[in-house]
Amino acid sequence: MNATPTDFARAEGAALRGPSAMSVQWAALQDAAGAVAALAGLAAEPPSAQVRNFPALIKDAGGWRLELATNGVADLAAMMTPGVKALLAVSARGQDPTPAALTLWREYHQARAALLALVPEQGRMGPLRKA
């Protein structure tokens, strides 16, 4: 048998991973979530400072938290991409996407809350900085 070994480490054309790539993905996820909220009939959620600053805060935390957050953001993007496409297809056919959009919004919101919980607690003066 001439089976070529599969290398799952990094496929050709795969997206780069890391803090800067995660920042771009995070921003795109916030835009996608806004579209899902609109399709669900929900008011636009104003982004909190924690949501806006998540990539920088988790980068400062580093270590296992950064690795887990990077994987979590990629997983969230993998969930949202086909979900948004499906919602747009349903809407384009003239059907009501509200129930499905509301379900996707809830899933997104729970996953985002889990990711935001990875950021360590901050005091009144902001995150702990080390020289």
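Residue numbers (my numbering): 77 to 207.
For glycine and all other residues, C-beta sits at the position ideal for the given N, C-alpha and C.
Can at least three beta-carbon pairs, one atom from the stretch 138-153 and one from the stretch 111-124, be found at a separation below 8 Å? No: fewer than three Cβ pairs fall under 8 Å.
So, with DSSP's three-state summary, where would you put R188? For the purposes of this step, residue 188 is taken as residue 112 along the sequence shown, with counting starting at 1. DSSP places R188 within a helical segment (H, G or I) once states are collapsed to three.
Proximal residues to W102 (C-beta, below 7 Å), its chain only, five neighbours per side dropped: In the sequence shown, counting from the first residue as 1, residue 102 sits at position 26. Cβ within range, chain order: F130, P131, V149.
Mark A90 as exposed unless 16 or more other C-beta atoms lie within 10 angstroms of its C-beta, in which case mark it buried. The count along the sequence shown starts at 1 and reaches residue 90 at position 14. For A90, the predicted structure reports a pLDDT of 46, less than 50, and the residue's modelled location is therefore unreliable. The matter cannot be settled from this model.
Closest residue to Y184 among V100, L105, A193, S96 (Cα-Cα distance): The sequence position of residue 184 within the sequence shown is 108, counting from 1. With distances taken between CA atoms, Y184 lies nearest to L105 out of V100, L105, A193, S96.
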